[in-house]
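Residue numbers (mature numbering (1 follows the signal peptide of the UniProt record, and there is no 0)): -18 to -1, 1 to 415.
Where is the CB? At the ideal position from N, CA and C, for every residue including glycine.
Fair warning: this is a prediction, and the values are worked out from it, not measured in the lab.
Heads up: the structure comes next, in structure tokens.
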């Protein structure tokens, strides 16, 4: 993560020092590419690291903090753009201020990474078992001889031993098509394809234009409405991550989120069709948003609440959940590639779709939510309160009986021979793929 953070910082510096167009445009493009490479790497590594270090009881909540930080960043960008739109006109500072602000979180992350401990699961996977159990005890605030730490470490080592036995000299073919793996890679790719076509990033990237399209004319009105949208998103995401994700579970949250988003987009499309905003007359002050426009803005604010309780934070949580240690880097790479691929596509086609489709754009997003995302949510396995090592059982890579036998063996080898306290806690999972 430190390497990817430094790459991002280099890209941000290049963007910030660029001159105005046309001479500085190449430097801005180069900076965007380099910063994008850094962000892509961070996006694939950070959720995996957090997931590997978190207790299963709160793993979804802690991994979901990733999305809260994204929402906060988007909110800040809206208000930065609002401030620039109000106070800065026709100056290189129009892009230097927002580009330069990227260095603040980048610098904090570069320094913060130096203070954290390595993932116990990764340490165990490379044979550094003593360091692994030391870090695990530190993360759980227990002693290294604690029964809970020994039991969790035995589960980790049993899973790693099984992976090594089953996948000697693991190559890309075995990683992607080994027993129980293909469905996980399909989920990792498809869940982000659906997320990007949920309509959220179209609103995120083009919020001022979207609000103008529904009647919030005038630069200040559209930018301020976008800023409020960002605030609602942060608050809703935080409430869900801290109080909802471990209560509702992954499947139900994704389903409710998709149905809610789709319903609201249908309503917005219908209102925009039947009550289009009045045209703006050149030379006149933009009119106040009519009641229909205010209703559509309200629907967008409610929409982002539904997005924030499911399809916003949960794809990264879910993908970080389902892969074993040895293939997690492949899985997160596929997920990150899918996210940024479809993110790029959606950001490129949204302006044309907004112009050519009008109200039908919202109907299209609604249909994706109801017709694809809601059924998909019901088909994937639930991972709430399951350890990362149990995922191989859920997806059929190994039977529950084999896993329990390996765990019992490892616990005995680690000096915790009294397994009676764990007999009731068998690895009982359902294969719901």
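>> Taking the alpha-carbon of residue 41 as reference, which of 73, 232, -18, 78 has the nearest alpha-carbon?
In response: Considering only 73, 232, -18, 78, the residue with the shortest C-alpha distance to residue 41 is 232.
>> Short of 7 Å in beta carbon distance, which residues of its chain neighbour residue 88, apart from the five on each side in sequence? Order them along the chain.
In response: Excluding sequence positions up to five before and after residue 88, its CB lies within less than 7 Å of the CB of -14, -11, -10, -7, all in the same chain and listed in chain order.
> Where do the ends of the alpha helix (DSSP H) carrying residue 305 lie?
Replying inline: Where residue 305 is concerned, there is no enclosing alpha helix (DSSP H), given that its DSSP letter is neither H nor E.
> If you drop the 5 nearest sequence neighbours on each side, which residues of the same chain put their C-beta closer than 7 Å to that of residue 351?
Replying inline: Setting aside the 5 residues that flank it on each side, residue 351 is surrounded in the same chain by 180, 240, 243, 244, 247, each with a C-beta closer than 7 Å to its C-beta; the list follows chain order.
> Which residues bound the alpha helix (DSSP H) around residue 198?
Replying inline: That residue, residue 198, is in no alpha helix (DSSP H); it is neither H nor E in DSSP.
>> Please identify the residue among 387, 257, 389, -2 whose C-alpha is closest to the C-alpha of residue 76.
In response: Relative to residue 76, the option among 387, 257, 389, -2 whose CA is nearest is -2.
> What's the C-alpha gap between residue 184 and residue 46?
Replying inline: For residue 184 and residue 46, the distance between alpha carbons rounds to 22 Å.
>> Less than 7 Å between C-beta atoms, sequence neighbours within five positions excluded: which residues of the same chain meet that for residue 235?
In response: The residues are 226, 227, 291, 292, 296.
> What's the call for residue 363, buried or exposed, on a 16-neighbour Cβ count within 10 Å?
Replying inline: Classification for residue 363: buried.
> According to the neighbour-count rule (16 or more other Cβ atoms, all chains shown, within 10 Å of its Cβ), is residue -17 buried or exposed?
Replying inline: Exposed, by the Cβ-count rule.
> What is the DSSP secondary structure of residue 318, reduced to helix, strand or coil?
Replying inline: If DSSP states are grouped into helix, strand and coil, residue 318 belongs with the helices.
> Contact between the segment 338 to 349 and the segment 250 to 259: three or more CB pairs below 8 Å?
Replying inline: The count of Cβ pairs closer than 8 Å, one atom from the segment 338 to 349 and one from the segment 250 to 259, reaches three, so the stretches are in contact.
>> Suppose only complete runs of 3+ residues qualify. What are the beta strand (DSSP E) ranges in the segment 206 to 260, listed by chain order?
In response: The segment 206 to 260 contains no whole beta strand (DSSP E) run of 3 or more residues.
> Using 8 Å as the threshold, is the segment 54 to 61 in touch with the segment 375 to 382, meaning 3 or more CB pairs across them?
Replying inline: They do not touch, by the three-pair rule.
> Between the C-alpha atoms of residue 283 and residue 69, what's the straight-line distance to the nearest angstrom?
Replying inline: For residue 283 and residue 69, the distance between alpha carbons rounds to 26 Å.
> From residue 79 to residue 14, what distance separates their C-alpha atoms?
Replying inline: Roughly 15 Å between the two C-alpha positions.
>> I'd like to check one pair, residue 303 with residue 162: are the Cβ atoms closer than 8 Å?
In response: No. Outside cutoff.
> Shortest alpha-carbon distance to residue 212 belongs to which of 194, 203, 186?
Replying inline: Selected option, being the one with the closest Cα: 186.
> residue 321: buried (16+ other C-beta within 10 angstroms of its C-beta) or exposed?
Replying inline: That one is buried.
>> Could you check whether residue 101 and residue 315 sit closer than 8 Å to each other, using their CB atoms as the reference points?
In response: No, the pair does not count as a contact, with Cβ atoms beyond the cut-off.
> So what's residue 80 in DSSP terms, helix, strand or just coil?
Replying inline: Judged by DSSP in its simplified three-state form, residue 80 adopts helix.
>> Between which residues of its own chain and residue 8 is the CB-CB distance below 7 Å, once the five residues before and five after are set aside?
In response: Hits under 7 Å: none found.
> Can you tell me where the alpha helix (DSSP H) with residue 165 in it begins and where it stops?
Replying inline: For residue 165, the enclosing alpha helix (DSSP H) starts and ends at 164 to 178.
>> Assuming contact is defined by CB atoms lying nearer than 8 Å, are residue 358 and residue 166 in contact in what I supplied?
In response: Cβ atoms of residue 358 and residue 166: not closer than 8 Å.
>> For a quick check, are the C-beta atoms of residue 103 and residue 34 less than 8 Å apart?
In response: Yes, they are a contact pair.
> Three-state secondary structure (DSSP) at residue 293?
Replying inline: Coil, per DSSP.
>> Out of 177, 72, 170, which one is the CA nearest neighbour of residue 356?
In response: Looking only at 177, 72, 170, the smallest Cα-Cα distance to residue 356 is reached by 177.
>> Taking the alpha helix (DSSP H) that residue 87 belongs to, which residues open and close that run?
In response: Residues 85 to 94.
> Which first and last residues belong to the alpha helix (DSSP H) in which residue 33 is found?
Replying inline: Per DSSP, residue 33 belongs to the alpha helix (DSSP H) from 7 to 35.
>> So, with DSSP's three-state summary, where would you put residue 385?
In response: Helix.
> Are there 16 or more other CB atoms within 10 angstroms of the CB of residue 426, so buried, or fewer, so exposed?
Replying inline: Outside the displayed range of the chain (-18 to 415) lies residue 426, so it cannot be described from this structure.
> Are the CB atoms of residue 123 and residue 367 nearer to each other than 8 Å?
Replying inline: In this structure, residue 123 sits away from residue 367, with a CB-CB distance that is not shorter than 8 Å.
>> Comparing C-alpha positions only, which one of 223, 11, 277, 117 sits nearest to residue 207?
In response: Comparing Cα positions, the closest option is 277.
> Which residue from 218, 335, 223, 325 puts its Cα closest to that of residue 285?
Replying inline: Per the Cα distances, 218.
>> Beta-carbon within less than 6 Å of residue 334's beta-carbon, same chain only, minus the 5 sequence neighbours each way: which residues are those?
In response: Here the set comprises nothing.
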